[in-house]
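Peer 1: Take the sequence shown: its position 246, counted from the start at 1, is 247 in our numbering, and no numbers get skipped.
A virtual CB, placed ideally from N, CA and C, is assigned to each residue, including glycine.
Just so you know, these numbers come straight off a predicted model, no measurement behind them.
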Amino acid sequence: MSIIKIGLIGAGSIGVRHIMAIDALSDVALVAIGDPSPAAQKIGTERSIPVFADADKMLSAGGIDAVIIATPTERHHQDVMAALRHKVTVLVEKPITATLAEAQEITKFAAQQNCHVLVGHQRRYYPCAAEARTIIQSGQIGTLLGVTGQWTTKKDDDYYAPEWRRDVKAGPILTNLIHEFDLLRFICGDITSVSAELTRHDQNFDKEDAVAISLKFANQAVGTFFLSDRTPSPWTWEMALGESERFPKTGQNAIRFMGSKGALEFPNLVLWTYPEGTGDWRNETKPQPIETPFIDAYIAQCTHLCAVVRGEETPIIDAENGAKSLAATLAAATSAETGNRITLG
Ligand SMILES: NC(=O)c1ccc[n+]([C@@H]2O[C@H](COP(=O)([O-])OP(=O)(O)OC[C@H]3O[C@@H](n4cnc5c(N)ncnc54)[C@H](O)[C@@H]3O)[C@@H](O)[C@H]2O)c1
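(1) In angstroms with no decimal places, state the Cα-to-Cα distance between A320 and E94.
(2) Is it true that the CB of I10 sits closer than 9 Å to the CB of A71?
(3) Taking 8 Å as the cut-off, is the CB of T330 close to at least one heavy atom of ligand 1?
(4) Determine the closest residue to S234 out of A255, E244, Q221, with distance taken between C-alpha atoms.
(5) Does the stretch 132-152 touch the stretch 301-315, meaning 3 or more C-beta pairs lie closer than 8 Å?
(6) Taking only heavy atoms of ligand 1 into account, decide whether any of them is closer than 8 Å to the Cβ of D36.
(7) Nearer than 8 Å: is that true of the beta carbon of G16 relative to any heavy atom of ligand 1?
(8) Assuming I192 and L216 make a contact with CB atoms under 8 Å, what is their CB distance in whole Å?
(9) List in chain order: all unbroken beta strand (DSSP E) runs of 3+ residues lying wholly within the stretch 121-177.
(10) At what residues does the beta strand (DSSP E) containing P1 begin and finish?
(11) Taking the alpha-carbon positions, what's the D24 to Y275 distance?
(12) Going by C-alpha distance, which of F206, L327, N284, R257 is nearest R1?
(13) When burial is assigned at 16 or more other CB atoms within 10 Å of the CB, is S49 buried or exposed?
(14) In terms of alpha-carbon separation, which member of Y127, L185, K250, D203 lies closest to V195?
(15) Throw me the rounded Cβ distance for the L175 and A334 pair, which I believe falls under 8 Å.
(16) Starting from W238, follow the alpha helix (DSSP H) in both directions and report where the run begins and ends.
(17) Just checking D159 against ligand 1 - is the residue's beta carbon closer than 8 Å to any of the ligand's heavy atoms?
(18) Would you kindly work out how many angstroms separate the C-alpha atoms of K109 and V81, rounded to a whole number?
(19) Going by C-alpha to C-alpha distance, which of I7, E106, L265 sits closest to T135?
(20) Mind checking who K287 pairs with in its DSSP beta bridge?
(21) When every heavy atom of ligand 1 is checked, does at least one fall within less than 8 Å of the C-beta of G121?
(22) Indicate the three-state DSSP secondary structure (helix, strand or coil) for S3 in the structure shown.
(23) Does Y299 pass the burial test, meaning 16 or more other C-beta atoms within 10 Å, or should it be called exposed?
(24) Is the beta carbon of T74 within less than 8 Å of some heavy atom of ligand 1?
(25) Among residues of its own chain, excluding the 5 on either side of E285, which ones have a beta-carbon nearer than 7 Å to its beta-carbon?
(26) For L331, report the span of its alpha helix (DSSP H) as first-last.
(27) Does the distance between the C-beta of E1 and the nearest non-hydrogen atom of ligand 1 fall short of 8 Å?
(28) Counting along the chain, where does the alpha helix (DSSP H) carrying T200 start and finish?
(29) Along the alpha helix (DSSP H) that carries E209, what are the first and last residues, could you check?
(30) Any heavy atom of ligand 1 closer than 8 Å to the CB of H180?
(31) Which one of Y160, G260, H117, R86 has the shortest CA to CA distance from T279?
(32) Fully enclosed by the stretch 46-121, which alpha helix (DSSP H) runs are 4 residues long or longer?
(33) Are there 16 or more other CB atoms within 10 angstroms of the CB of D168, so buried, or fewer, so exposed?
(34) Within the continuous beta strand (DSSP E) that includes F226, where are the two ends?
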């Protein structure tokens, strides 16, 4: 099998995480970096690979099958468009772009160039996410009526030291919520309307301290989500799974799906069904834990990227799909500021 040659655009904190995934696989190689920073130059020197000042220069040099784009979000549009002009497969970090108009332009141009764009929503690659999707979509808990979830933690004080981190653009809605919404969309289907209330009465910065969100899905199910970066608690996806060193593992589930015949806890799957009776409140139920392997999602994502380059798979999340997660997230921010319920097309 031929080696897939990857160019990395943006070798900062998450870019380095992608390099670790590439290094763990035998059929893929990092062949170039596009990043003007001295840190990126050091990585290139250590690996004896060329480092270019930007995406365009790297792509013009040729010899690349796919790029991973991990530049600051404001640059995603420009860097993805540069990669598409060179007709390579793209994996761009989340969010796909800063604005919906940019995401739509990418979707259109990718189709014109006959290229695939994947969006880096790595949670979709965990077996527990795929299993939850199967359980919900196959009707194992009956008709899905609702979901309730939370992401509640307290970021460290140093996190807010840079002034830009106190701005609305760096708040938990625009930084963290997109992962939750993308996961809910993956498992439950599209989100059709969003309304939200926020508060800032703890830190009094421009960014929100907490937000409560109501959702409706295309399948008529409803949902609620509570998100805060000021509430120490054991309930986040990362703490539930032990996904990141930054979040010590608690194993506590953060999301619950409720159907007409039972319920599902997530991401450490626990199925609650009613084998006898109709499942009314008089019937007994027992928890049924469902084990799924814990994997490195970045390795799974990179493996999938290679399969897409080889034409063996189509993107698990393409530009159009990534744009829908962005749209739902931007809708939560807009609704929280304006007080209006936002309907999504
Ligand atoms: N999937 C996830 O869970 C996750 C986690 C963290 C960050 N991200 C996303 O990844 C992206 C990068 O975040 P980060 O935390 O790694 O940021 P970072 O600041 O650590 O890294 C950004 C890198 O881009 C480089 N860069 C800046 N301008 C450039 C240019 N013109 N051309 C090429 N390179 C350039 C910088 O030198 C830096 O090395 C953001 O979009 C962020 O939302 C995703």
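Peer 2: On the basis of the supplied data:
(1) Taking the sequence shown and counting its residues from 1, the one referred to as residue 320 is at position 319. Taking the sequence shown and counting its residues from 1, the one referred to as residue 94 is at position 93. When rounded, the distance between both Cα atoms is 11 Å.
(2) Position 70 of the sequence shown holds residue 71. Position 9 of the sequence shown holds residue 10. A distance below 9 Å separates the beta carbons of A71 and I10.
(3) As a first step, residue 330 is located in the sequence shown; it is residue number 329 there, counting from the start. Flag unset: Cβ of T330 not near ligand 1.
(4) Here the question's residue 234 lines up with position 233 in the sequence shown. The shortest CA-to-CA distance from S234 to any of A255, E244, Q221 is the one to A255.
(5) Contact between the stretch 301-315 and the stretch 132-152 is absent: fewer than three C-beta pairs spanning the two stretches fall below 8 Å.
(6) Here residue 36 corresponds to residue number 35 of the sequence shown, with the count starting at 1. Yes, the Cβ of D36 comes within 8 Å of a heavy atom of ligand 1.
(7) The sequence position of residue 16 within the sequence shown is 15, counting from 1. Taking non-hydrogen atoms of ligand 1 into account, the C-beta of G16 is found less than 8 Å away from one of them.
(8) What you label residue 192 is simply residue 191 of the sequence shown in a count that begins at 1. What you label residue 216 is simply residue 215 of the sequence shown in a count that begins at 1. Contact check for I192 and L216: beta-carbon distance about 6 Å, within the 8 Å limit, so the pair qualifies.
(9) You should have 145-153.
(10) One cannot answer for residue 1 here, as it falls past the ends of the chain, which runs 2 to 346.
(11) As a working note, residue 24 is residue 23 in the sequence shown. As a working note, residue 275 is residue 274 in the sequence shown. Straight through space, the alpha carbons of Y275 and D24 are spaced by roughly 46 Å.
(12) No information on residue 1 is available, as it lies outside the stretch 2 to 346 that the chain covers here.
(13) By 1-based counting over the sequence shown, the position of residue 49 is 48. Classification for S49: exposed.
(14) Your numbering for residue 195 matches position 194 in the sequence shown. Nearest C-alpha to V195: L185.
(15) One-based indexing of the sequence shown puts residue 175 at position 174. One-based indexing of the sequence shown puts residue 334 at position 333. With a Cβ gap of about 6 Å, L175 and A334 count as contacting.
(16) The sequence position of residue 238 within the sequence shown is 237, counting from 1. W238 -> alpha helix (DSSP H) spans 238-242.
(17) To locate residue 159, count along the sequence shown from 1; it is residue 158. No, ligand 1 has no heavy atom inside 8 Å of this Cβ.
(18) Within the sequence shown, residue 109 is the residue found at index 108, counting from 1. Within the sequence shown, residue 81 is the residue found at index 80, counting from 1. Approximately 12 Å, taken between the alpha carbons.
(19) As a first step, residue 135 is located in the sequence shown; it is residue number 134 there, counting from the start. Answer by Cα proximity: L265.
(20) Translated into the one-based positions of the sequence shown, residue 287 becomes position 286. As computed with DSSP, K287 is found in a beta bridge with T274.
(21) Looking up residue 121 in the sequence shown gives position 120. Yes, the beta carbon of G121 sits closer than 8 Å to at least one heavy atom of ligand 1.
(22) Against the sequence shown, residue 3 aligns to sequence position 2. Looking at S3 - three-state DSSP - the assignment turns out to be coil, as it is neither helix nor strand.
(23) One-based indexing of the sequence shown puts residue 299 at position 298. So Y299 ends up on the buried side.
(24) Start at 1 with the first residue of the sequence shown, and residue 74 comes out as number 73. Yes, Cβ of T74 sits closer than 8 Å to a heavy atom of ligand 1.
(25) Taking the first residue of the sequence shown as 1, we reach residue 285 at position 284. Nothing listed; no residue qualifies.
(26) Within the sequence shown, the letter at position 330 stands for residue 331. That run of the alpha helix (DSSP H) goes 320-339.
(27) Limits of the chain in this structure are 2 at one end and 346 at the other, which puts residue 1 out of reach.
(28) Taking the first residue of the sequence shown as 1, we reach residue 200 at position 199. Per DSSP, T200 lies in no alpha helix (DSSP H); the unbroken beta strand (DSSP E) holding it starts and ends at 192-200.
(29) In the sequence shown, counting from the first residue as 1, residue 209 sits at position 208. Boundaries cannot be given for E209, as no alpha helix (DSSP H) includes it and DSSP labels it neither H nor E.
(30) Position 179 of the sequence shown, counted from the first residue, corresponds to residue 180. Checking the Cβ of H180 against ligand 1 gives yes.
(31) Stepping through the sequence shown from its first residue, residue 279 is reached at position 278. Of the residues Y160, G260, H117, R86, the one whose Cα lies closest to the Cα of T279 is G260.
(32) Correct list: 56-61, 77-86, 101-114.
(33) Your numbering for residue 168 matches position 167 in the sequence shown. Around the CB of D168, fewer than 16 other CB atoms lie within 10 Å, so the residue is classed as exposed.
(34) Position 225 of the sequence shown holds residue 226. Annotation for F226: the continuous beta strand (DSSP E) segment containing it runs 223-229.
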